[in-house]
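In my numbering, the protein residues as written are 6 to 511. Glycine included, C-beta positions come from ideal geometry on N, C-alpha and C. Let me begin by presenting the structure, written as C-alpha coordinates, before commenting on it.
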(Lines of atoms letter the chains of each structure in order from A and count residues from 1; the text may use other names and numbers.)
(Lines give C-alpha, C1' and ligand atoms only; values in the text may rest on other atoms or scores of the structure.)
Protein backbone atom coordinates (compact mmCIF):
# COMPACT_ATOMS: atom_id res chain seq x y z
CA UNK A 1 0.00 0.00 0.00
CA UNK A 2 1.31 3.40 -0.92
CA UNK A 3 0.75 5.47 2.19
CA UNK A 4 1.62 8.71 0.40
CA UNK A 5 -1.51 8.79 -1.73
CA UNK A 6 -3.20 7.16 -4.70
CA UNK A 7 -5.46 4.15 -4.91
CA UNK A 8 -4.17 0.58 -4.67
CA UNK A 9 -4.51 -1.51 -7.83
CA UNK A 10 -6.68 -4.58 -7.73
CA UNK A 11 -3.65 -6.83 -7.97
CA UNK A 12 -1.46 -5.27 -5.30
CA UNK A 13 0.25 -7.68 -2.93
CA UNK A 14 1.15 -7.70 0.72
CA UNK A 15 4.70 -8.43 1.87
CA UNK A 16 5.27 -9.93 5.31
CA UNK A 17 7.90 -11.80 7.30
CA UNK A 18 7.61 -15.25 8.79
CA UNK A 19 10.64 -17.15 10.03
CA UNK A 20 12.70 -14.36 8.45
CA UNK A 21 11.66 -15.33 4.91
CA UNK A 22 9.98 -12.93 2.50
CA UNK A 23 6.57 -14.00 1.25
CA UNK A 24 4.14 -12.23 -1.06
CA UNK A 25 0.41 -12.78 -1.29
CA UNK A 26 -2.56 -11.37 -3.12
CA UNK A 27 -4.75 -8.87 -1.32
CA UNK A 28 -7.58 -11.39 -1.67
CA UNK A 29 -5.72 -13.83 0.55
CA UNK A 30 -6.00 -11.45 3.49
CA UNK A 31 -8.27 -12.64 6.28
CA UNK A 32 -9.83 -9.35 7.38
CA UNK A 33 -12.37 -7.74 5.00
CA UNK A 34 -10.87 -4.43 6.09
CA UNK A 35 -7.77 -5.32 4.08
CA UNK A 36 -9.42 -6.48 0.88
CA UNK A 37 -13.09 -5.51 0.44
CA UNK A 38 -12.80 -2.15 2.20
CA UNK A 39 -9.29 -1.47 1.00
CA UNK A 40 -10.81 -1.47 -2.49
CA UNK A 41 -14.31 -0.04 -1.99
CA UNK A 42 -13.11 2.77 0.31
CA UNK A 43 -9.64 3.27 -1.15
CA UNK A 44 -9.34 6.94 -0.26
CA UNK A 45 -10.10 6.33 3.41
CA UNK A 46 -7.91 3.22 3.54
CA UNK A 47 -4.93 5.19 2.23
CA UNK A 48 -5.52 7.90 4.84
CA UNK A 49 -5.64 5.33 7.64
CA UNK A 50 -2.48 3.42 6.68
CA UNK A 51 0.02 6.00 8.07
CA UNK A 52 -1.69 5.84 11.46
CA UNK A 53 -3.10 2.39 12.20
CA UNK A 54 -1.27 -0.09 9.98
CA UNK A 55 1.42 -2.38 11.38
CA UNK A 56 3.99 -0.25 9.60
CA UNK A 57 2.51 2.85 11.26
CA UNK A 58 2.67 1.19 14.68
CA UNK A 59 6.34 0.39 14.27
CA UNK A 60 7.23 3.81 12.86
CA UNK A 61 5.49 5.54 15.75
CA UNK A 62 7.64 3.51 18.14
CA UNK A 63 10.72 4.56 16.16
CA UNK A 64 9.56 8.17 16.41
CA UNK A 65 9.17 7.80 20.18
CA UNK A 66 12.64 6.27 20.55
CA UNK A 67 14.17 9.11 18.52
CA UNK A 68 12.20 11.62 20.61
CA UNK A 69 13.77 10.13 23.72
CA UNK A 70 17.28 10.54 22.33
CA UNK A 71 16.45 14.14 21.39
CA UNK A 72 15.17 14.77 24.93
CA UNK A 73 18.38 13.42 26.46
CA UNK A 74 20.47 15.65 24.19
CA UNK A 75 18.28 18.69 24.87
CA UNK A 76 18.51 18.26 28.62
CA UNK A 77 22.30 17.92 28.39
CA UNK A 78 22.59 20.96 26.13
CA UNK A 79 24.12 18.89 23.34
CA UNK A 80 21.38 18.96 20.70
CA UNK A 81 22.59 20.73 17.57
CA UNK A 82 20.58 21.21 14.36
CA UNK A 83 22.92 18.75 12.66
CA UNK A 84 22.30 16.05 15.27
CA UNK A 85 18.53 16.60 15.13
CA UNK A 86 18.60 16.30 11.35
CA UNK A 87 20.72 13.14 11.51
CA UNK A 88 18.38 11.52 14.02
CA UNK A 89 15.23 12.42 12.13
CA UNK A 90 16.55 10.82 8.96
CA UNK A 91 16.87 7.55 10.87
CA UNK A 92 13.08 7.33 11.22
CA UNK A 93 12.67 6.49 7.55
CA UNK A 94 15.50 3.95 7.48
CA UNK A 95 14.06 1.45 9.94
CA UNK A 96 12.51 -1.42 8.00
CA UNK A 97 9.68 -3.43 9.55
CA UNK A 98 11.18 -6.58 7.99
CA UNK A 99 14.42 -6.01 9.89
CA UNK A 100 12.64 -5.47 13.19
CA UNK A 101 10.46 -8.55 12.71
CA UNK A 102 13.54 -10.59 11.85
CA UNK A 103 15.27 -9.38 15.01
CA UNK A 104 12.15 -10.22 17.03
CA UNK A 105 12.48 -13.83 15.89
CA UNK A 106 15.63 -13.86 18.03
CA UNK A 107 14.66 -11.63 20.95
CA UNK A 108 10.97 -12.62 21.22
CA UNK A 109 10.49 -9.03 22.41
CA UNK A 110 9.21 -6.40 20.01
CA UNK A 111 10.65 -3.27 21.63
CA UNK A 112 14.05 -4.83 22.34
CA UNK A 113 14.16 -5.92 18.71
CA UNK A 114 13.44 -2.36 17.62
CA UNK A 115 16.10 -0.97 19.96
CA UNK A 116 18.70 -3.40 18.63
CA UNK A 117 17.97 -2.38 15.03
CA UNK A 118 17.86 1.31 15.88
CA UNK A 119 21.25 1.24 17.62
CA UNK A 120 22.85 0.15 14.35
CA UNK A 121 21.39 3.11 12.47
CA UNK A 122 21.99 6.12 14.73
CA UNK A 123 25.41 7.79 14.93
CA UNK A 124 27.59 5.49 17.10
CA UNK A 125 28.14 8.09 19.80
CA UNK A 126 24.34 8.31 20.28
CA UNK A 127 23.65 4.58 20.46
CA UNK A 128 23.92 4.48 24.30
CA UNK A 129 21.07 7.00 24.50
CA UNK A 130 18.62 4.80 22.57
CA UNK A 131 15.92 3.62 24.99
CA UNK A 132 17.95 4.94 27.93
CA UNK A 133 15.76 5.17 31.05
CA UNK A 134 12.66 3.84 29.26
CA UNK A 135 10.63 0.73 29.76
CA UNK A 136 8.79 -0.79 26.79
CA UNK A 137 5.48 0.85 27.63
CA UNK A 138 7.05 4.29 27.82
CA UNK A 139 7.42 3.75 24.09
CA UNK A 140 4.29 1.67 23.39
CA UNK A 141 1.71 3.72 25.29
CA UNK A 142 3.23 7.00 24.18
CA UNK A 143 3.39 5.96 20.53
CA UNK A 144 -0.20 4.67 20.74
CA UNK A 145 -1.37 8.05 22.05
CA UNK A 146 0.59 9.75 19.28
CA UNK A 147 -1.10 7.58 16.65
CA UNK A 148 -4.58 7.87 18.14
CA UNK A 149 -4.26 11.65 18.34
CA UNK A 150 -2.98 11.73 14.77
CA UNK A 151 -5.61 9.47 13.24
CA UNK A 152 -8.34 11.35 15.08
CA UNK A 153 -7.19 14.80 14.03
CA UNK A 154 -5.97 13.95 10.55
CA UNK A 155 -8.55 11.37 9.42
CA UNK A 156 -11.58 10.85 11.66
CA UNK A 157 -12.40 14.45 12.51
CA UNK A 158 -12.18 15.64 8.89
CA UNK A 159 -14.46 12.75 7.85
CA UNK A 160 -16.90 13.53 10.65
CA UNK A 161 -16.94 17.25 9.92
CA UNK A 162 -17.64 16.55 6.26
CA UNK A 163 -20.60 14.38 7.25
CA UNK A 164 -21.82 17.00 9.71
CA UNK A 165 -21.69 19.72 7.07
CA UNK A 166 -23.59 17.51 4.61
CA UNK A 167 -26.27 17.05 7.26
CA UNK A 168 -26.36 20.83 7.80
CA UNK A 169 -26.80 21.37 4.06
CA UNK A 170 -29.65 18.85 3.89
CA UNK A 171 -31.38 20.24 6.98
CA UNK A 172 -31.22 23.78 5.64
CA UNK A 173 -32.38 22.80 2.16
CA UNK A 174 -35.41 20.94 3.49
CA UNK A 175 -36.05 22.98 6.64
CA UNK A 176 -39.61 23.86 5.51
CA UNK A 177 -40.53 20.66 3.67
CA UNK A 178 -43.46 19.14 5.62
CA UNK A 179 -43.24 15.58 6.91
CA UNK A 180 -45.31 13.55 9.31
CA UNK A 181 -43.65 13.02 12.67
CA UNK A 182 -43.60 9.49 14.06
CA UNK A 183 -43.46 7.96 17.51
CA UNK A 184 -43.67 4.21 18.14
CA UNK A 185 -43.76 3.79 14.37
CA UNK A 186 -47.12 5.61 14.28
CA UNK A 187 -48.03 8.99 12.83
CA UNK A 188 -47.75 11.71 15.47
CA UNK A 189 -47.83 15.43 14.56
CA UNK A 190 -46.25 17.27 11.60
CA UNK A 191 -42.59 18.21 11.47
CA UNK A 192 -40.32 18.97 8.50
CA UNK A 193 -37.67 16.87 6.80
CA UNK A 194 -35.05 19.39 7.83
CA UNK A 195 -36.15 19.16 11.45
CA UNK A 196 -35.81 15.36 11.40
CA UNK A 197 -32.25 15.64 10.09
CA UNK A 198 -31.44 18.47 12.50
CA UNK A 199 -31.71 15.90 15.30
CA UNK A 200 -28.58 14.27 13.92
CA UNK A 201 -26.92 17.60 13.21
CA UNK A 202 -27.20 18.37 16.91
CA UNK A 203 -26.31 14.93 18.28
CA UNK A 204 -23.38 14.29 15.97
CA UNK A 205 -22.15 17.88 16.25
CA UNK A 206 -21.79 17.62 20.02
CA UNK A 207 -20.05 14.27 19.70
CA UNK A 208 -17.55 15.68 17.19
CA UNK A 209 -16.64 18.48 19.59
CA UNK A 210 -16.23 15.94 22.38
CA UNK A 211 -13.99 13.75 20.21
CA UNK A 212 -11.87 16.76 19.40
CA UNK A 213 -11.42 17.55 23.09
CA UNK A 214 -10.65 13.92 24.01
CA UNK A 215 -8.01 13.65 21.29
CA UNK A 216 -6.28 16.77 22.58
CA UNK A 217 -6.29 15.21 26.04
CA UNK A 218 -4.38 12.04 25.19
CA UNK A 219 -1.22 11.52 27.26
CA UNK A 220 2.12 9.73 27.16
CA UNK A 221 4.78 8.81 29.72
CA UNK A 222 8.45 8.36 30.52
CA UNK A 223 8.09 7.17 34.09
CA UNK A 224 9.72 3.76 33.93
CA UNK A 225 8.78 0.23 34.89
CA UNK A 226 6.38 1.10 37.73
CA UNK A 227 5.77 4.78 37.02
CA UNK A 228 7.94 6.12 39.84
CA UNK A 229 10.76 7.45 37.62
CA UNK A 230 13.26 5.02 39.15
CA UNK A 231 15.43 4.66 36.02
CA UNK A 232 15.33 8.28 34.88
CA UNK A 233 16.22 9.47 38.40
CA UNK A 234 19.59 7.80 37.76
CA UNK A 235 20.01 9.92 34.62
CA UNK A 236 18.42 13.29 35.32
CA UNK A 237 18.15 15.58 38.30
CA UNK A 238 14.64 16.39 37.09
CA UNK A 239 13.07 13.23 35.64
CA UNK A 240 9.71 14.92 35.11
CA UNK A 241 11.34 17.62 33.00
CA UNK A 242 13.03 14.92 30.91
CA UNK A 243 9.59 13.34 30.47
CA UNK A 244 8.11 16.65 29.34
CA UNK A 245 10.93 17.17 26.83
CA UNK A 246 10.39 13.67 25.45
CA UNK A 247 6.64 14.05 25.08
CA UNK A 248 6.87 17.56 23.64
CA UNK A 249 8.71 16.07 20.65
CA UNK A 250 5.53 14.07 19.99
CA UNK A 251 3.01 16.81 20.75
CA UNK A 252 1.87 15.15 23.99
CA UNK A 253 1.78 15.88 27.71
CA UNK A 254 2.50 13.51 30.62
CA UNK A 255 -0.09 11.30 32.23
CA UNK A 256 -0.91 12.75 35.64
CA UNK A 257 -0.02 9.43 37.26
CA UNK A 258 1.62 6.44 35.65
CA UNK A 259 2.24 2.89 36.62
CA UNK A 260 4.09 1.10 33.86
CA UNK A 261 1.04 2.25 31.88
CA UNK A 262 -0.44 5.60 31.00
CA UNK A 263 -3.71 6.01 32.88
CA UNK A 264 -6.08 4.09 30.57
CA UNK A 265 -9.01 6.49 30.89
CA UNK A 266 -7.52 9.06 28.52
CA UNK A 267 -7.76 6.65 25.60
CA UNK A 268 -10.87 4.92 26.91
CA UNK A 269 -12.89 8.12 26.92
CA UNK A 270 -11.85 8.89 23.35
CA UNK A 271 -12.84 5.40 22.20
CA UNK A 272 -16.16 5.64 24.03
CA UNK A 273 -16.92 8.92 22.29
CA UNK A 274 -16.09 7.27 18.97
CA UNK A 275 -18.68 4.67 19.87
CA UNK A 276 -21.19 7.37 20.79
CA UNK A 277 -20.76 8.99 17.38
CA UNK A 278 -20.92 5.58 15.71
CA UNK A 279 -24.26 4.91 17.43
CA UNK A 280 -25.64 8.29 16.31
CA UNK A 281 -24.69 7.51 12.72
CA UNK A 282 -26.22 4.03 12.97
CA UNK A 283 -29.44 5.56 14.32
CA UNK A 284 -29.49 7.93 11.37
CA UNK A 285 -28.92 4.99 9.00
CA UNK A 286 -31.87 3.18 10.56
CA UNK A 287 -34.17 6.19 10.17
CA UNK A 288 -33.16 6.68 6.54
CA UNK A 289 -33.60 2.99 5.78
CA UNK A 290 -37.10 2.94 7.24
CA UNK A 291 -38.18 6.09 5.40
CA UNK A 292 -37.29 4.30 2.16
CA UNK A 293 -39.73 1.41 2.80
CA UNK A 294 -42.11 0.84 -0.10
CA UNK A 295 -45.12 1.75 2.03
CA UNK A 296 -43.45 5.01 3.17
CA UNK A 297 -41.21 6.02 0.27
CA UNK A 298 -40.41 9.53 1.48
CA UNK A 299 -36.66 9.36 0.89
CA UNK A 300 -34.44 7.46 -1.51
CA UNK A 301 -30.74 6.74 -1.72
CA UNK A 302 -28.86 7.57 -4.88
CA UNK A 303 -28.90 4.70 -7.36
CA UNK A 304 -26.45 4.49 -10.25
CA UNK A 305 -27.68 3.64 -13.74
CA UNK A 306 -25.61 0.45 -13.77
CA UNK A 307 -26.47 -0.54 -10.18
CA UNK A 308 -28.36 -3.76 -9.45
CA UNK A 309 -30.74 -3.95 -6.51
CA UNK A 310 -31.49 -7.66 -6.63
CA UNK A 311 -30.06 -10.67 -8.43
CA UNK A 312 -33.58 -11.82 -9.31
CA UNK A 313 -35.91 -8.80 -9.01
CA UNK A 314 -34.84 -6.17 -11.57
CA UNK A 315 -37.10 -3.49 -10.13
CA UNK A 316 -35.51 -3.43 -6.66
CA UNK A 317 -33.76 -0.34 -5.31
CA UNK A 318 -32.61 -1.33 -1.85
CA UNK A 319 -31.32 1.15 0.78
CA UNK A 320 -28.17 -0.94 0.97
CA UNK A 321 -25.76 1.84 1.94
CA UNK A 322 -27.81 2.77 5.01
CA UNK A 323 -28.07 -0.91 5.86
CA UNK A 324 -24.32 -1.28 5.41
CA UNK A 325 -23.61 1.50 7.90
CA UNK A 326 -25.89 -0.16 10.43
CA UNK A 327 -24.16 -3.48 9.81
CA UNK A 328 -20.70 -1.98 10.41
CA UNK A 329 -21.97 -0.55 13.69
CA UNK A 330 -23.25 -4.00 14.71
CA UNK A 331 -19.84 -5.49 13.96
CA UNK A 332 -17.73 -2.93 15.80
CA UNK A 333 -19.84 -1.36 18.55
CA UNK A 334 -19.68 -4.44 20.83
CA UNK A 335 -15.91 -4.00 20.95
CA UNK A 336 -16.50 -1.26 23.49
CA UNK A 337 -16.62 -4.12 26.02
CA UNK A 338 -12.97 -4.86 25.23
CA UNK A 339 -12.12 -1.18 25.64
CA UNK A 340 -13.57 -1.34 29.15
CA UNK A 341 -11.77 -4.59 29.89
CA UNK A 342 -8.45 -3.05 28.83
CA UNK A 343 -9.02 -0.46 31.55
CA UNK A 344 -7.96 -3.05 34.13
CA UNK A 345 -4.37 -4.12 34.67
CA UNK A 346 -3.06 -5.83 37.79
CA UNK A 347 -0.90 -3.72 40.06
CA UNK A 348 1.60 -1.72 38.00
CA UNK A 349 1.03 -3.72 34.82
CA UNK A 350 0.13 -7.07 33.32
CA UNK A 351 0.04 -8.12 29.67
CA UNK A 352 -3.68 -8.84 29.40
CA UNK A 353 -4.22 -5.86 27.08
CA UNK A 354 -1.31 -6.73 24.78
CA UNK A 355 -3.29 -8.61 22.12
CA UNK A 356 -6.69 -6.96 22.59
CA UNK A 357 -5.37 -3.41 22.25
CA UNK A 358 -4.01 -4.18 18.78
CA UNK A 359 -7.58 -4.50 17.51
CA UNK A 360 -8.32 -0.84 18.20
CA UNK A 361 -7.06 -0.34 14.65
CA UNK A 362 -9.87 -2.53 13.29
CA UNK A 363 -12.46 -0.52 15.20
CA UNK A 364 -11.14 2.80 13.93
CA UNK A 365 -11.10 1.52 10.35
CA UNK A 366 -14.68 0.24 10.59
CA UNK A 367 -15.81 3.54 12.11
CA UNK A 368 -14.06 5.57 9.40
CA UNK A 369 -15.58 3.47 6.62
CA UNK A 370 -19.05 3.92 8.12
CA UNK A 371 -18.66 7.71 8.35
CA UNK A 372 -17.52 7.88 4.74
CA UNK A 373 -20.36 5.64 3.57
CA UNK A 374 -22.97 7.72 5.42
CA UNK A 375 -21.60 10.92 3.91
CA UNK A 376 -22.16 9.42 0.47
CA UNK A 377 -25.73 8.54 1.42
CA UNK A 378 -26.54 12.09 2.52
CA UNK A 379 -24.87 13.64 -0.53
CA UNK A 380 -27.09 11.59 -2.87
CA UNK A 381 -30.24 11.44 -0.73
CA UNK A 382 -33.42 12.34 -2.59
CA UNK A 383 -36.87 13.31 -1.33
CA UNK A 384 -40.29 12.46 -2.75
CA UNK A 385 -42.39 15.54 -2.07
CA UNK A 386 -45.63 13.96 -3.24
CA UNK A 387 -45.25 10.97 -0.93
CA UNK A 388 -44.30 13.22 1.95
CA UNK A 389 -47.49 15.25 1.55
CA UNK A 390 -49.66 12.18 0.92
CA UNK A 391 -48.37 10.44 4.05
CA UNK A 392 -48.79 13.60 6.08
CA UNK A 393 -52.41 14.05 5.04
CA UNK A 394 -53.24 10.35 5.38
CA UNK A 395 -53.00 10.74 9.12
CA UNK A 396 -52.20 7.13 9.89
CA UNK A 397 -55.69 5.88 9.03
CA UNK A 398 -57.71 9.03 9.67
CA UNK A 399 -57.11 11.65 6.96
CA UNK A 400 -55.91 14.75 8.78
CA UNK A 401 -55.99 12.82 12.05
CA UNK A 402 -52.64 14.19 13.16
CA UNK A 403 -54.41 17.53 13.69
CA UNK A 404 -56.28 16.11 16.71
CA UNK A 405 -53.62 17.43 19.08
CA UNK A 406 -54.02 21.02 17.90
CA UNK A 407 -57.82 20.76 18.19
CA UNK A 408 -57.55 19.41 21.74
CA UNK A 409 -55.15 22.19 22.79
CA UNK A 410 -57.31 24.94 21.31
CA UNK A 411 -60.49 23.50 22.81
CA UNK A 412 -58.84 23.19 26.20
CA UNK A 413 -57.58 26.77 26.00
CA UNK A 414 -61.15 27.87 25.27
CA UNK A 415 -62.14 26.60 28.71
CA UNK A 416 -63.40 23.07 28.04
CA UNK A 417 -62.00 20.90 30.84
CA UNK A 418 -62.58 17.55 29.13
CA UNK A 419 -61.31 18.75 25.77
CA UNK A 420 -59.05 15.71 25.33
CA UNK A 421 -62.00 13.34 25.67
CA UNK A 422 -64.15 15.41 23.32
CA UNK A 423 -61.53 15.29 20.58
CA UNK A 424 -60.81 11.61 21.23
CA UNK A 425 -64.49 10.80 20.60
CA UNK A 426 -64.34 12.80 17.37
CA UNK A 427 -61.36 10.75 16.16
CA UNK A 428 -63.26 7.54 16.97
CA UNK A 429 -66.21 8.80 14.93
CA UNK A 430 -63.89 9.64 12.03
CA UNK A 431 -62.36 6.18 12.15
CA UNK A 432 -65.70 4.40 12.48
CA UNK A 433 -67.47 6.33 9.72
CA UNK A 434 -64.41 6.67 7.45
CA UNK A 435 -64.42 10.47 7.67
CA UNK A 436 -61.52 12.87 7.64
CA UNK A 437 -60.76 14.54 10.95
CA UNK A 438 -62.06 17.86 9.61
CA UNK A 439 -65.31 16.21 8.51
CA UNK A 440 -65.80 14.57 11.89
CA UNK A 441 -65.01 17.82 13.67
CA UNK A 442 -67.62 19.59 11.56
CA UNK A 443 -70.21 17.19 13.02
CA UNK A 444 -69.56 18.76 16.44
CA UNK A 445 -70.54 22.41 15.82
CA UNK A 446 -70.23 23.47 19.47
CA UNK A 447 -66.66 22.22 19.79
CA UNK A 448 -65.76 23.58 16.34
CA UNK A 449 -67.15 27.02 17.19
CA UNK A 450 -65.14 27.16 20.44
CA UNK A 451 -61.99 26.16 18.59
CA UNK A 452 -62.56 28.72 15.87
CA UNK A 453 -63.13 31.53 18.38
CA UNK A 454 -59.87 30.63 20.10
CA UNK A 455 -57.96 30.55 16.81
CA UNK A 456 -59.21 34.01 15.86
CA UNK A 457 -58.42 35.29 19.34
CA UNK A 458 -54.83 34.12 18.89
CA UNK A 459 -54.67 35.41 15.30
CA UNK A 460 -54.00 31.91 14.02
CA UNK A 461 -56.57 32.52 11.29
CA UNK A 462 -58.18 35.64 9.83
CA UNK A 463 -61.52 36.73 11.22
CA UNK A 464 -63.15 35.79 7.91
CA UNK A 465 -61.45 32.37 7.68
CA UNK A 466 -62.90 29.02 8.71
CA UNK A 467 -61.17 26.71 11.16
CA UNK A 468 -61.85 23.68 8.98
CA UNK A 469 -59.45 25.05 6.37
CA UNK A 470 -56.65 24.83 8.93
CA UNK A 471 -57.56 21.27 9.95
CA UNK A 472 -57.64 20.18 6.31
CA UNK A 473 -54.02 21.24 5.80
CA UNK A 474 -51.84 19.51 8.41
CA UNK A 475 -48.68 20.76 6.69
CA UNK A 476 -49.38 24.16 8.28
CA UNK A 477 -49.21 22.75 11.83
CA UNK A 478 -45.48 22.30 12.38
CA UNK A 479 -44.57 24.40 15.40
CA UNK A 480 -40.97 25.60 15.29
CA UNK A 481 -39.73 22.69 13.18
CA UNK A 482 -38.41 24.84 10.33
CA UNK A 483 -36.87 27.41 12.64
CA UNK A 484 -35.11 24.75 14.72
CA UNK A 485 -33.77 23.04 11.61
CA UNK A 486 -32.26 26.27 10.37
CA UNK A 487 -30.86 27.46 13.70
CA UNK A 488 -29.23 24.12 14.55
CA UNK A 489 -27.70 23.64 11.13
CA UNK A 490 -26.28 27.17 11.19
CA UNK A 491 -24.98 26.71 14.72
CA UNK A 492 -23.10 23.49 14.00
CA UNK A 493 -21.91 24.66 10.60
CA UNK A 494 -20.18 27.50 12.45
CA UNK A 495 -18.86 25.20 15.15
CA UNK A 496 -17.30 22.84 12.68
CA UNK A 497 -15.26 25.82 11.55
CA UNK A 498 -14.52 27.20 14.99
CA UNK A 499 -13.44 23.86 16.38
CA UNK A 500 -11.46 24.05 19.59
CA UNK A 501 -12.98 25.22 22.81
CA UNK A 502 -16.61 25.06 21.79
CA UNK A 503 -17.54 22.04 23.90
CA UNK A 504 -17.41 24.06 27.13
CA UNK A 505 -20.14 26.40 25.90
CA UNK A 506 -22.81 23.69 25.88
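Mapping DSSP to helix, strand and coil, what is residue i?
i	result
residue 404	coil
residue 259	strand
residue 160	helix
residue 387	strand
residue 267	strand
residue 305	strand
residue 99	helix
residue 294	helix
residue 528	There is no way to answer for residue 528, as the model of the chain reaches only from 6 to 511.
residue 281	helix
residue 140	coil
residue 413	helix
residue 80	helix
residue 125	coil
residue 171	helix
residue 46	helix
residue 113	coil
residue 6	Confidence at residue 6 is low in this model, with a pLDDT of 37, below 50, so its placement is unreliable and the value that follows should be read with caution. Correct three-state label for residue 6: coil.
residue 108	helix
residue 59	coil
residue 482	coil
residue 235	coil
residue 354	coil
residue 488	helix
residue 118	helix
Name the one or two DSSP bridge partners that residue i has.
i	result
residue 192	187
residue 197	183
Of the residues the options, which one's Cα is nearest the Cα of residue i?
i	options	result
residue 150	224, 86, 142	224
residue 217	76, 166, 240	166
residue 290	79, 153, 378	378
residue 154	126, 60, 271	271
residue 184	429, 389, 438, 437	389
residue 57	264, 502, 402, 366	366
residue 328	73, 347, 432, 293	293
residue 189	235, 92, 295, 286	295
residue 100	132, 476, 61, 111	61
residue 144	124, 335, 175, 72	72
residue 49	102, 374, 181	374
residue 247	115, 43, 198, 138	138
residue 342	96, 280, 306, 395	280
residue 152	220, 429, 479, 98	220
residue 88	109, 127, 108	127
residue 59	156, 82, 257	156
residue 495	105, 30, 199, 51	199
residue 481	110, 349, 41, 411	411
residue 447	436, 476, 470	476
residue 222	191, 274, 192, 171	274
residue 83	306, 250, 337, 333	250
Given a cut-off of 8 Å, decide if residue j and residue i are closer than it, judged by their beta-carbon atoms.
i	j	result
residue 442	residue 406	yes
residue 173	residue 498	yes
residue 278	residue 212	yes
residue 148	residue 226	no
residue 75	residue 131	yes
residue 459	residue 493	no
residue 370	residue 330	no
residue 353	residue 231	yes
residue 64	residue 102	yes
residue 472	residue 453	yes
residue 381	residue 326	yes
residue 449	residue 431	yes
residue 456	residue 419	yes
residue 210	residue 169	yes
residue 81	residue 241	yes
residue 201	residue 491	no
residue 205	residue 301	no
residue 269	residue 347	yes
Could you check where the alpha helix (DSSP H) with residue i kicks off and where it finishes?
i	result
residue 344	341 to 346
residue 475	472 to 476
residue 362	No alpha helix (DSSP H) holds residue 362; DSSP gives it neither H nor E.
residue 454	450 to 462
residue 431	424 to 438
residue 36	From DSSP, residue 36 is part of no alpha helix (DSSP H); its letter is neither H nor E.
residue 252	244 to 253
residue 446	442 to 447
residue 333	325 to 337
Would you say residue i lies against chain B (beta-carbon separation less than 8 Å)?
i	result
residue 33	Note that chain B does not occur in the displayed structure, where there is just one protein chain.
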